[in-house]
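Same order as they appear, the protein sequences are chains W and X.
Each residue of the first sequence is one higher than the one before, starting from 1 at the first, in the UniProt record's numbering.
Each residue of the second sequence is one higher than the one before, starting from 1 at the first, in the UniProt record's numbering.
Below is one structure, written out as C-alpha cells, with a few remarks after it.
2 protein chains.
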Amino acid sequence: MSNHRNFNDTFLKASRGEKTPYVPCWYMRQAGRSQPEYRALKEKYSLFEITHQPELCAYVTRLPVEQYQVDAAILYKDIMTPLPAIGVNVEIKGGIGPVIDNPVRTMEDVERLGEINPAEDIPYVLDTIKLLVNEQLNVPLIGFAGAPFTLASYMIEGGPSKNYNKTKALMHGNPEVWFKLMDKLGTMTITYVKAQIDAGAKAIQIFDSWVGALNAHDYRRFIKPVMTRIFSELREKNVPLIMFGVGASHLIHEWNDLDLDVIGLDWRLSIAEARNMGITKTLQGNLDPAILLAPWPVIEERVKEILDQGMAQPGYIFNLGHGVFPDIQVDTLKKLTAFIHEYSSEKLGQ
Amino acid sequence: MSNHRNFNDTFLKASRGEKTPYVPCWYMRQAGRSQPEYRALKEKYSLFEITHQPELCAYVTRLPVEQYQVDAAILYKDIMTPLPAIGVNVEIKGGIGPVIDNPVRTMEDVERLGEINPAEDIPYVLDTIKLLVNEQLNVPLIGFAGAPFTLASYMIEGGPSKNYNKTKALMHGNPEVWFKLMDKLGTMTITYVKAQIDAGAKAIQIFDSWVGALNAHDYRRFIKPVMTRIFSELREKNVPLIMFGVGASHLIHEWNDLDLDVIGLDWRLSIAEARNMGITKTLQGNLDPAILLAPWPVIEERVKEILDQGMAQPGYIFNLGHGVFPDIQVDTLKKLTAFIHEYSSEKLGQ
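Next up, the structure:
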C-alpha cells in the first residue's frame with residue numbers, strides 16, 4: 001500500500017473545507033478494546049509495550065482502517081506520551097487512568113519541567129509514523145496531542161479528576177504559576193506535534209478533552225493565549241488542524257476564532273445548531289457512541305440526520321461524539337462506514 | 001423563629017421575577033461536609049440515620065442558614081430518598097455513591113415498580129419539613145426531587161456512570177420500556193413533591209443532574225414529555241419551581257419552554273450569555289465553586305461580575321454553579337453571603 005497513486009485524500013479535502021465526492025469518516029478510539037484482535041494482543045502486551053514497538057503499534061493503528069474502511073488512521077498512543085520526557089512520572093493504572101506521583105503545583109515544580117527532544121525521547125512514535133506513512137497506509141495518518149489544560153489537569157491533580165479543584169485553584173489563585181506551566185506545555189506541544197508532522201502525520205487533532213469544565217470567561221483568560229500560540233506555530237507546517245473536547249459546546253465560539261481548520265463536536269450540539277451559532281470551520285462529528293448499542297434502524301435514522309446536516313455545506317467529516325466504547329461491535333462499525341459512504345455519495349453525486 | 005412576622009421572602013420574590021431590595025442567595029449543598037458541625041455529627045450517625053431523625057435532619061438543614069445568613073434553606077436529604085418506596089434497593093456507598101443491586105432494565109422490571117405513599121413511606125421527610133417550617137425557619141424551605149432521567153440513570157446502570165451506556169441503549173433501543181419507566185418515575189416525582197409542598201416546602205428544585213449527557217434532540221423526544229407533565233401537575237400547588245442540571249447549557253432552551261419559574265445554571269454559561277440566548281425565566285447561579293478555593297480578591301471580582309449580570313433585570317438568585325465542595329471554608333461562605341447582600345443592596349438601592 002506504499003503506492004500513493006491510490007492515496008485517499010477525501011478526509012484532507014473535507015478538513016480544508018473543499019467539496020468531496022462523499023463524506024469521509026473515522027472514529028475516535030477506532031483502534032482499541034472494541035476490536036477482538038486488539039484484546040488478544042493486550043493479553044500478551046501492555047499499552048506501554050505496544051506503543052514502544054513500531055511494528056506492533058502500526059498494526060494496531062492500521063487494523064481499523066482495514067476492517068472498517070475509514071478514511072483516516074489515527075496514531076495509536078496516549079495523550080500522556082510526551083510527559084515522561086519533561087519529567088512527569090505517568091503510570092497508566094487499569095480502571096483508574098493516568099496517575100502521576102510527582103504532581104506539579106508550585107513554581108518550583110513548573111521550573112523543574114524539562115523540554116522534549118522527540119528524536120531522543122520518543123523515537124518509537126516517530127518510527128511508527130514513518131512505517132505507517134511510507135509503507136502501509138493509503139489514507140492520511142492523524143497525529144495528535146493533549147492540549148495544555150487537559151495535560152495540566154492530570155499533572156496538578158495527580159490523576160483523573162471530577163471537579164478539577166486543584167487545577168482551578170492554581171489557575172485562579174496563582175496565575176503566574178499557571179501561565180508559566182501553560183508556556184512550558186505549549187512549547188512541549190508545539191515541538192511534539194511538529195515532530196509528528198515531520199515524520200509524516202498528515203493532520204493533527206488536539207484533544208482538550210476536559211476543557212469544557214471551564215466557562216468562556218476563564219477560557220479566554222487562561223487557555224486561549226497558549227492555544228493561539230500553538231495553532232499559529234503549527235500553521236507553518238500546512239496540515240489540517242483539528243480541535244476536540246468533550247462537553248465543550250459553550251466554548252466552540254472561542255475555538256472558531258483560533259487559526260485551526262476543524263472543530264470536533266461531541267454529540268451534545270447538532271451540526272445544524274453549531275452552524276446556526278455561526279461556526280464557520282469544517283465540522284467533525286457527532287454521533288453519540290451510545291447509539292451504536294441500539295438496533296441498526298435506530299442508528300441509521302440518526303446517522304442520516306447527522307449526514308444531512310453535515311452535507312448542507314462543504315467541510316464536514318463524520319465521526320462519533322466521543323471514543324468508541326469497548327462493547328461496540330466491529331460489525332456495527334463496518335456497517336456504519338459502508339452506510340456513510342453509500343448514503344453520502346448518492347446525495348453528493350459526482 | 002416560628003414568628004412569621006420576620007419571614008424573609010426575598011428568595012420567593014426573586015423566584016417569581018419580582019423586584020427585590022437585594023439579591024437573595026443560597027448554596028447548593030450548603031449543608032454538608034464543608035461544615036465542621038456536620039462532620040462531627042457524621043462521626044456518630046450515618047446519612048441514613050440523620051435523614052430519618054427529624055430533629056437531627058432539621059438541625060443539619062438549618063445550620064447553614066444560621067451560619068451563612070442565606071435566604072433559603074434546602075431540605076437535607078438525597079435524591080435517592082423516594083426510590084426504596086417503589087422497590088429499588090439503594091445503598092449509598094462511601095467513595096462511590098448510590099449503588100442499586102436490583103437494576104431496572106426490562107419491561108418486567110419496570111412493571112414491578114410500585115407507587116410511593118409519602119405519609120407511610122417517608123414520614124420522616126414530612127416531619128422534618130413541618131418542624132423546620134412551623135417552628136424553626138424564617139426563610140423559605142426548598143424541597144427537592146431528582147428528575148426521572150437522573151434517577152433512571154442510577155436505576156438502569158446500577159450506580160453512578162460515566163457514559164450512561166445502558167441508559168441510552170435502553171432509551172434508543174427500547175422506547176416502550178423507557179416511556180413506561182418515565183411514566184412511573186413521573187408519577188412518583190409528582191406525588192413525592194406534592195407531599196413536600198403540603199408539608200410546608202415553599203419552593204421546589206428539580207435536580208436533573210446528569211441530563212446534560214443528552215442532546216436537545218433526545219431531550220425533546222425522551223425527556224421533555226415527562227418533565228412537561230411534572231411541571232404542569234406541580235403548577236397547581238403555586239410554589240416556585242426550579243430546574244437544575246450540570247453541563248446542561250445546551251438544554252436550557254428546552255427548559256425555558258417548560259412551565260417552571262427558575263433555571264439554575266452551572267458555571268459554564270454566564271448569566272449574560274443565557275439572557276442573550278433568550279432565556280426569560282428567573283436565573284439562579286452561577287459561581288464556579290472551585291473559585292471559592294482562591295484568595296478573596298479573586299472571589300470578590302468574579303462575584304461582582306456575576307451579580308452585575310444578574311441584577312440587569314429582576315428575577316435573579318445567587319447560587320453556586322454546583323454543590324459546595326467539602327474543602328470550602330465556612331468563613332468563605334459567610335463572607336460571600338455578606339458581600340452578596342451588601343453589594344447588591346447598594347446597587348439595587350431602596
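All C-beta atoms, glycine included, are put in the ideal place defined by N, C-alpha and C.
What in chain X is Cβ-close to VAL298 of chain W, meaning under 7 Å? As a position in the first sequence, residue 298 of chain W is number 298, starting the count at 1. In chain order: HIS172 and GLY173.
Residues of its chain near ASN102 of chain X, where Cβ-Cβ distance is below 6 Å and the 5 sequence neighbours each way are ignored: On the second sequence, residue 102 of chain X is found 102 positions in, with the first residue counted as 1. Here the set comprises ASN89.
Under 8 Å between C-beta atoms, does ALA85 of chain W make it to chain X? What you label residue 85 of chain W is simply residue 85 of the first sequence in a count that begins at 1. No, because no Cβ of chain X sits closer than 8 Å to the Cβ of ALA85 of chain W.
Using CA coordinates, which residue listed in W:TYR38, W:GLU135, W:GLY97 and W:GLY212 is at the minimum distance from GLU157 of chain W? To locate residue 157 of chain W, count along the first sequence from 1; it is residue 157. Of the candidates W:TYR38, W:GLU135, W:GLY97 and W:GLY212, the one whose C-alpha sits nearest the C-alpha of GLU157 of chain W is W:GLY97.
Under DSSP, the alpha helix (DSSP H) around LYS42 of chain X begins and ends at which residues? Residue mapping note: residue 42 of chain X aligns to position 42 of the second sequence, counting from 1. Where LYS42 of chain X is concerned, the enclosing alpha helix (DSSP H) stretches over 36-44.
Check for me: the beta strand (DSSP E) holding GLY146 of chain W runs from which residue to which? Counting from one through the first sequence, the residue named residue 146 of chain W turns up at place 146. Counting along the chain, the beta strand (DSSP E) containing GLY146 of chain W begins and ends at 141-146.
Counting contacts by CB-CB distance shorter than 8 Å, is LEU269 of chain W in contact with chain X? Walking along the first sequence from the start, residue 269 of chain W turns up at place 269. Yes, LEU269 of chain W counts as interfacial toward chain X.
My guess is that VAL262 of chain X and THR282 of chain X are in contact by the Cβ rule of under 8 Å, so how many angstroms apart are they, rounded? In the second sequence, residue 262 of chain X corresponds to position 262, counting from 1. In the second sequence, residue 282 of chain X corresponds to position 282, counting from 1. Their Cβ separation, rounded to whole angstroms, is 4 Å, which keeps VAL262 of chain X and THR282 of chain X in contact under 8 Å.
What did DSSP end up calling MET243 of chain W once you bin it into helix, strand or coil? If you number the first sequence from 1, residue 243 of chain W lands on position 243. Three-state result, MET243 of chain W: strand.
How long is the line joining the alpha carbons of SER2 of chain W and GLY95 of chain W, rounded to whole angstroms? Here residue 2 of chain W corresponds to residue number 2 of the first sequence, with the count starting at 1. Here residue 95 of chain W corresponds to residue number 95 of the first sequence, with the count starting at 1. Interpretation of SER2 of chain W is limited by its pLDDT of 45, a score under 50 that renders its predicted location unreliable; the figure taken from the coordinates is listed afterwards. Answer to the nearest angstrom: the Cα atoms are 38 Å apart.
Report yes if the CB atom of TYR27 of chain X is closer than 8 Å to the CB atom of ASN319 of chain X, and no otherwise. One-based indexing of the second sequence puts residue 27 of chain X at position 27. One-based indexing of the second sequence puts residue 319 of chain X at position 319. Yes.
Assuming LYS93 of chain X is part of the beta strand (DSSP E), what are its boundary residues? Position 93 of the second sequence, counted from the start, is the residue given in the question as residue 93 of chain X. Taken as a continuous stretch (DSSP letters only), the beta strand (DSSP E) holding LYS93 of chain X covers 90-93.
Selection from W:GLY143, W:GLN35, W:GLY114 and W:ALA272 that minimises the alpha carbon distance to GLU66 of chain W: Locating residue 66 of chain W in the first sequence gives position 66, counting from the first residue. Taking only the C-alpha atoms, the option nearest GLU66 of chain W is W:GLN35.
Just tell me which of W:ALA40, W:THR150 and W:LEU132 has its CA closest to the CA of GLY200 of chain W. Within the first sequence, residue 200 of chain W is the residue found at index 200, counting from 1. Measuring from the Cα of GLY200 of chain W, the nearest candidate turns out to be W:LEU132.
Around the Cβ of SER270 of chain X, are there at least 16 other Cβ atoms within 10 angstroms (buried) or fewer (exposed)? Against the second sequence, residue 270 of chain X aligns to sequence position 270. With 16 or more other Cβ atoms within 10 Å, it is buried.
Quick check: ALA58 of chain W and LEU126 of chain W, are their CB atoms within less than 8 Å of each other? The residue labelled residue 58 of chain W in the question sits at position 58 within the first sequence. The residue labelled residue 126 of chain W in the question sits at position 126 within the first sequence. No.
So, helix, strand or coil for SER2 of chain W, using DSSP? Residue numbering aside, residue 2 of chain W sits at position 2 when the first sequence is read from its first letter. With a pLDDT of 45 at SER2 of chain W, under the threshold of 50, the modelled position of that residue is not reliable, and no figure is offered here.
Whole-Å CB distance - ILE306 of chain W paired with GLN284 of chain W, under 8 Å assumed: Locating residue 306 of chain W in the first sequence gives position 306, where the first residue counts as 1. Locating residue 284 of chain W in the first sequence gives position 284, where the first residue counts as 1. Going by Cβ atoms, the distance from ILE306 of chain W to GLN284 of chain W rounds to 11 Å, so no, they are not a contact pair.
Are the C-beta atoms of LEU47 of chain X and some chain W residue less than 8 Å apart? Within the second sequence, residue 47 of chain X is the residue found at index 47, counting from 1. Not closer than 8 Å to any Cβ of chain W, the Cβ of LEU47 of chain X fails to qualify, so no.
Beta-carbon spacing of PRO140 of chain W, ALA72 of chain W below 8 Å: Stepping through the first sequence from its first residue, residue 140 of chain W is reached at position 140. Stepping through the first sequence from its first residue, residue 72 of chain W is reached at position 72. Closer than 8 Å, so yes.
Would you mind sorting ALA312 of chain W into buried or exposed? The rule is 16 or more other CB atoms within 10 Å of its CB. By 1-based counting over the first sequence, the position of residue 312 of chain W is 312. Exposed: under 16 other Cβ atoms inside 10 Å.
Please specify which runs of the alpha helix (DSSP H), each continuous and at least 4 residues long, are wholly inside the region 109-188 of chain W, giving them in chain order. 118-121, 123-131, 148-157 and 165-173
Go ahead and pull the three-state DSSP assignment for LEU75 of chain W. Mapped onto the first sequence, residue 75 of chain W falls at position 75. Coil.
Partners in chain X for ALA274 of chain W, counting only beta-carbon separations shorter than 9 Å: Taking the first sequence and counting its residues from 1, the one referred to as residue 274 of chain W is at position 274. None at all; the shortest Cβ gap to chain X is about 10 Å.
Suppose the cutoff is 7 Å on Cβ atoms and the five residues either side in sequence are ignored; what does the same chain contact list for residue 424 of chain W look like? For chain W, the structure presents residues 1 to 350; residue 424 of chain W sits outside this window and is missing.
DSSP beta-bridge partners of ASN286 of chain X: By 1-based counting over the second sequence, the position of residue 286 of chain X is 286. BP columns for ASN286 of chain X point to X:ASN319.
Other residues of its chain near THR189 of chain X: CB distance less than 6 Å, five sequence neighbours each side excluded: Working through the second sequence from its first residue, we reach residue 189 of chain X at position 189. ALA145 and ILE230, listed in sequence order.
Using the beta-carbon count (16 or more within 10 Å), is ILE92 of chain X buried or exposed? Locating residue 92 of chain X in the second sequence gives position 92, counting from the first residue. Classification for ILE92 of chain X: exposed.
Which whole-angstrom value is the C-beta distance of ILE129 of chain X and PRO82 of chain X, which I expect to be below 8 Å? To locate residue 129 of chain X, count along the second sequence from 1; it is residue 129. To locate residue 82 of chain X, count along the second sequence from 1; it is residue 82. Between PRO82 of chain X and ILE129 of chain X the Cβ distance is about 14 Å, and since that is not below 8 Å, they are no contact.
Helix, strand or coil at PRO84 of chain W [DSSP, three-state]: Against the first sequence, residue 84 of chain W aligns to sequence position 84. Three-state result, PRO84 of chain W: helix.
Taking only beta-carbon positions, decide if PHE325 of chain W is within less than 8 Å of chain X. Sequence index remark: in the first sequence, residue 325 of chain W carries index 325 (1-based). With 8 Å as the cut-off, PHE325 of chain W counts as an interface residue toward chain X.
Could you compute how far the alpha carbon of ASN215 of chain X sits from the alpha carbon of ASP308 of chain W? Residue 215 of chain X sits at position 215 when you count from the first residue of the second sequence. Residue 308 of chain W sits at position 308 when you count from the first residue of the first sequence. Cα-Cα distance, rounded: 17 Å.
Can you confirm whether ILE122 of chain X, when its beta carbon is compared against all beta carbons of chain W, has any partner nearer than 8 Å? Walking along the second sequence from the start, residue 122 of chain X turns up at place 122. So, not an interface residue.
So for VAL226 of chain X, helix, strand or coil by DSSP? On the second sequence, position 226 is the one that residue 226 of chain X refers to. It is helical.
Looking at THR51 of chain X and TYR124 of chain X, is the spacing between their C-beta atoms short of 8 Å? Your numbering for residue 124 of chain X matches position 124 in the second sequence. Your numbering for residue 51 of chain X matches position 51 in the second sequence. Cβ distance < 8 Å, so TYR124 of chain X and THR51 of chain X count as in contact.
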